[in-house]
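2 protein chains.
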Amino acid sequence: MSKFEEKTVASKEIFSGKIINVSVDDVVLPNGQLAKRELVKHPGAVAVIALTAEQKVVVVNQFRKPLEKEIIEIPAGKLEPGEHHSVTALRELEEETGYTTDKLDYICSFYTSPGFADELLYIYFTDQLKPLEESRALDEDEFVQVLELSLEELEQLQNDQRVHDAKTVYAIQFLKLRQG
Amino acid sequence: MSKFEEKTVASKEIFSGKIINVSVDDVVLPNGQLAKRELVKHPGAVAVIALTAEQKVVVVNQFRKPLEKEIIEIPAGKLEPGEHHSVTALRELEEETGYTTDKLDYICSFYTSPGFADELLYIYFTDQLKPLEESRALDEDEFVQVLELSLEELEQLQNDQRVHDAKTVYAIQFLKLRQG
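From first to last, the protein sequence lines stand for chains P and H. Heads up, the first sequence is in UniProt numbering, so the first residue is 1 and it goes up one at a time. Heads up, the second sequence is in UniProt numbering, so the first residue is 1 and it goes up one at a time.
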């Protein structure tokens with residue numbers, strides 16, 4: 001047992017949505033005091049760092065409602081219930097970019113916002129892309145523009161805050177470290 | 001205007017908490033269809049990559065209720081209303097680690113979970129640490145253990161998933177790139 005553990009003594013469901021659930025838990029702190037924790041449950045997600053034969057990074061430009069702006073991100077999507085993250089990774093690559101691959105390497109996973117949410121993001125990498133013969137449909141409420149950009153272009157876009165999210169910043173660092 | 005913009009036509013507040021607010025918005029998609037967006041509003045946060053004179057990284061071990069486990073993270077904390085992120089950065093460094101500094105460099109910012117949340121995380125760096133003469137109090141519901149670890153130790157902890165969050169994985173990559 002963790003010496004810092006916060007034991008739940010009550011949990012109140014606030015919201016059960018299509019993507020997230022929200023609850024407020026009463027917890028006992030290590031010093032015996034009570035506190036409240038606001039918790040967002042999320043199914044988890046997958047992102048794919050995909051390099052073309054020309055060493056371009058395949059990214060998507062999309063509007064993100066929480067930010068009220070478009071940003072350029074590596075392809076990503078949520079896990080479906082019971083789905084292994086490797087299956088999600090291939091599906092999102094195919095749906096969002098029109099590419100497929102026979103070789104998708106798992107790199108790592110990380111929690112995006114451990115202070116309030118349990119979203120775990122799995123990162124995959126491929127440099128073995130093949131165009132899909134038939135393009136696959138996006139989710140009906142998803143609109144994205146696919147771009148193929150050099151690492152240098154992505155870094156410039158990060159400076160301009162058009163690349164502005166954790167997973168794509170991770171991808172830039174990953175590719176810089178891979179270049180050596 | 002963005003061609004992918006999703007215009008809000010109605011917004012329903014679900015929850016107004018101490019840290020997060022949750023709403024469900026009805027939006028008009030680029031194709032004219034309606035969709036719902038589940039949105040978490042967060043005040044934003046700051047994290048500090050802090051290196052000692054011995055090139056150890058100052059990190060904190062803490063229990064994270066959303067994950068129901070302890071993880072080891074770089075020091076971080078939420079923005080207070082109206083506070084500039086540089087002020088938050090110094091305060092969190094002092095409160096969580098017992099160090100202070102006269103030189104805190106802003107590195108970058110990124111959204112942690114742009115699909116459902118607007119949390120923007122600002123990253124700072126310092127390698128000019130000085131021990132505080134008097135230690136500053138943590139928030140009353142915060143319990144952390146401070147550790148000073150080499151980059152190699154942090155990478156091993158990431159392999160063991162004891163380092164397991166976006167900002168600390170960012171810090172590891174940042175320090176590896178800095179080493180060259």
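Backbone N, C-alpha and C fix where the C-beta goes; we use that ideal spot for every residue, glycine too.
Q | Cross-strand partners of residue 70/P (DSSP beta bridge) | A | 63/P
(Q) If I measure Cβ to Cβ from residue 104/P and keep anything under 8 Å in the same chain, skipping five residues before and after, which residues do I get? (A) 48, 86, 89, 90, 93, 124, 125, 126
Q. Is residue 171/H helix, strand or coil when you go by DSSP?
A. Here DSSP, grouped into helix, strand and coil, assigns residue 171/H to helix.
(Q) If contacts are defined as beta-carbon pairs under 8 Å, then residue 3/P and residue 30/P qualify, I think. What distance do you get, rounded to the angstrom? (A) 7 Å
**Q.** residue 164/H classed as buried or exposed, judged by whether at least 16 other C-beta atoms fall within 10 angstroms
**A.** buried
**Q.** Residue range of the unbroken alpha helix (DSSP H) whose run includes residue 54/H
**A.** Element bounds for residue 54/H: n/a, residue is neither H nor E.
Q | For residue 110/P and residue 172/H, the rounded distance between their alpha carbons | A | 13 Å
Q: Establish whether the CB of residue 91/H and some CB of chain P are separated by less than 7 Å.
A: no
Q: May I ask which residues mark the beginning and end of the beta strand (DSSP E) holding residue 190/H?
A: This structure does not reach residue 190/H, given that chain H is present from 1 up to 180, and the question cannot be answered.
Q: Compute the distance between the beta-carbons of residue 98/P and residue 121/P, then report whether it is under 7 Å.
A: no
Q: Report the rounded CA-to-CA distance for residue 69/P versus residue 79/H, giving the unit in angstroms.
A: Going by the C-alpha atoms only, they are around 22 Å apart.
Q: Please determine, among 10/P, 24/P, 52/P, the residue with the shortest C-alpha to C-alpha distance to residue 15/H.
A: 24/P
Q: Using the Cα positions of residue 138/H and residue 144/H, report the straight-line distance between them to the nearest angstrom.
A: Each residue's Cα considered, the two are about 9 Å apart.
Q | Inter-residue CB distance, residue 38/H and residue 18/P (contact presumed, cutoff 8 Å) | A | 7 Å
Q) Near residue 10/H, which residues of its chain fall below 6 Å by C-beta distance, leaving aside the five closest residues on each side in sequence? A) Excluding residues within five positions, the ones whose Cβ falls inside 6 Å are 26.
Q. Between the beta-carbon of residue 81/H and the beta-carbon of residue 60/H, is there less than 7 Å?
A. no
Q) Nearest to residue 5/P by CA position, among 150/H, 141/H, 152/H, is which residue? A) 141/H
Q.
Please list the terminal residues of the continuous beta strand (DSSP E) segment that includes residue 146/P.
A. 144-149
Q: May I ask you to list, following chain order, the residues of the region 5-17 of chain H that have a beta carbon less than 7 Å from some beta carbon of chain P?
A: Listed by position along the chain: 5, 6, 14, 15, 17.
Q: Would you verify that the beta carbon of residue 103/H is, or is not, closer than 7 Å to some beta carbon of chain P?
A: no
Q. In the DSSP assignment, what are the bridge partners of residue 37/P?
A. 25/P
Q) So, is the C-beta of residue 172/P closer than 7 Å to a C-beta in chain H? A) no
Q: Report the neighbours of residue 143/H on chain P: residues whose CB is nearer than 8 Å to its CB, in chain order.
A: Those within 8 Å of residue 143/H in chain P are 4, 29, 30, 31.
**Q.** Proximal residues to residue 128/H (C-beta, below 6 Å), its chain only, five neighbours per side dropped
**A.** 101, 103
Q: Report yes if the C-beta distance between residue 177/P and residue 72/P is below 7 Å; otherwise report no.
A: No, these two residues do not count as a Cβ contact at 7 Å.
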